[in-house]
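Read the structure below first, then the notes.
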Amino acid sequence: MQENFSLASLSSMEVGGHCRYYIYVDNVKRLDSLFRWIDSENVNYIILGGGSNTIFLDDFFDGLVIHVGIVEKSIINSNKTDKVIEVGAGVDWNEFVQETVENNLWGLENLTLIPGYVGAVAVQNVGAYGQEVKNVIEYVNAFDTKTHNHVRLSNVDCKFSFRQSIFNTSEKNRYIITSIAFNLTYTHRPILSRLNIKEAGTPNEVRIEIEKMRTNGIILPKPGVEGNCGTFFRATEINFNQLPKIILMNLIKLNIILIFRILKCAKKQRRGNTFKLPSSLIIYDVFQEYPCFGSFTLYETNPAIVVNKKDKEPKIEDLVELINFVIDTVERKTSITIPIEPELIGFDKKRWL
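Below you can see the structure in the form of structure tokens.
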């Protein structure tokens, strides 16, 4: 355990103050003794994975940051068509995806180059290009901080939905994910509906195409150039019951182009009674020039991403100003509220949280 640890080093946005205690947990059994100490000392704590979806306040965090680094892997079941692999929560996600596609396993290829650790993908039910991780999760192993028991949660138990699970909603902060079992297949099963690929013979071919898109500096910033945590303003999920009111409000405001975008998304991205409206499309229509607060601004070719340009000293108050300004402006001009993706640690309970 380390004291007075810098949190900026644990966040891909590269901001944050210090915490009182920090510990790297690489063994499931250590959680038992660790939580006996936490309970006896009444210590506040937060759980951290890869830090790619976490932003810390500049102020001192008077508590413990638990960095989960469990990296064991095991094959649970394997036959000619399918393979179930249990993977530690601290395994680098992209490295695991590469490993599966190189072994000709289908299921994770669309999720390549998503930053972070394996444990985080179940929390948010990460998705990309038509695939969601819930479609391949068999079960989740976790430590229950309420009962101090090690538990196994089935796919159904996790209550996955769009970018949600029990781990970031009803049971937030209760479970520490220690490993996840993925059910992958050797059967040719590409998901290409949202990719510019007509055919794919292997999962590696899909991975290569997605890597080209994600590293060209258009969809995402080039790795290592600007601090970011991927998508900051995530897609808005709109119920079809809300659609007439939204169309009317934007008609009054003469947002004709945005109305066409909304109707197109409603047709192409329907999910039962709802559809997804990418925040990038809304922000693009609202701002003629992207706002900049301190070192933070919106990424030029994908305004759903907030970047730390590193040209000035990054300050959390500048980031808060940017978030509020973008959300307030979008809501005022379109009557649509755009949600944020990353976990904000230590922030006041603002409206946008």
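One point on numbering: in our numbering, the residue at position 52 of the sequence shown is 53, and numbering is uninterrupted. All residues carry an ideal CB built from backbone N, CA and C; glycine is no exception. In this text, all values refer to a predicted model and were calculated from it rather than measured experimentally.
Bridge partners of His151 according to DSSP: Phe144. Taking C-beta separations shorter than 6 Å and ignoring five residues to either side along the sequence, the partners of Arg262 in its chain run Leu282, following chain order. Nearest to Ala90 by alpha-carbon distance, out of Val72, Glu103, Asn105 and Ile77, is Val72.
One alpha carbon belongs to Glu100, the other to Glu212, and they sit about 15 Å apart.
The Cβ neighbour count for Arg235, taken over all protein chains shown within 10 Å, is at least 16; the residue is labelled buried.
Cβ neighbours of Phe6 within its own chain (closer than 8 Å, five residues either side excluded): His19, Cys20, Tyr22, Tyr23 and Val66. Comparing alpha carbon positions, the residue from Thr335, Thr148, Gly231 and Asn105 closest to Pro304 is Gly231. When the alpha-carbon of Gly131 is set against those of Phe288, Gly218 and Leu112, the nearest one is in Leu112.
DSSP, read as helix, strand or coil, puts Leu106 in coil. 8 Å or more divides the Cβ of Ile138 from the Cβ of Ile177. Taking 8 Å as the cut-off, the Cβ atoms of Thr338 and Leu278 do not count as close.
With contacts defined as CB atoms closer than 8 Å, Thr55 and Pro343 qualify as a contacting pair. Runs of the beta strand (DSSP E) lying entirely within the region 272-329 and spanning at least 3 residues, in chain order: 275-278, 297-300 and 303-309.
From the listed residues Phe161, Asn205 and Lys334, the smallest Cα separation to Tyr187 is found for Asn205.
CA-to-CA, the gap between His151 and Asn142 works out to about 7 Å. Beta-bridge annotation (DSSP): Lys213 is not paired with any residue. In the three-state DSSP reduction, Ala201 falls in the coil class, being neither helix nor strand. When secondary structure is reduced to three states using DSSP, Lys334 falls in the helix class. Checking the DSSP bridge columns, you'll see Phe62 partnered with Cys20. Within its own chain, the residues whose Cβ lies closer than 7 Å to the Cβ of Arg195, once the five positions on either side in sequence are excluded, are Tyr130 and Gly131, listed in chain order. The DSSP-derived three-state label of Asp158 is coil. When the five nearest sequence neighbours on each side are left out, the beta carbons in the same chain lying within less than 6 Å of the beta carbon of Gln3 are those of Tyr23, in order along the chain. Beyond the five residues adjoining it in sequence on each side, Asn229 comes within less than 8 Å, by CB distance, of Ser13, Met14, Leu221, Pro222, Tyr300, Ile306, Val307, Val308 and Asn309 in the same chain, given in chain order.
Take the alpha-carbon of Val124 and the one of Asn156: they are about 12 Å apart.
Under DSSP, Asp93 shares a beta bridge with Tyr118. Of all alpha-carbon atoms in Ala201, Ile346 and Asp145, the one lying nearest the alpha-carbon of Pro191 is that of Ala201.
Excluding sequence positions up to five before and after Ile258, its CB lies within less than 7 Å of the CB of Asp286, all in the same chain and listed in chain order. Rounded to the nearest whole angstrom, the CA to CA distance from Lys147 to Val327 is 38 Å. The alpha carbon of Ser75 has as its nearest neighbour, out of Val92, Pro116, Asp60 and Asp59, the alpha carbon of Val92. Counted as a single uninterrupted DSSP element, the stretch harbouring Ala267 is not any beta strand (DSSP E) but the alpha helix (DSSP H) occupying residues Ile257 to Lys269. Taking 8 Å as the cut-off, the beta carbon of Lys254 is found closer than this to the beta carbon of Lys334. Excluding five sequence positions before and after Asn274, the CB atoms of its chain that fall closer than 7 Å to its own CB belong to Asn240 and Phe241, given in chain order.
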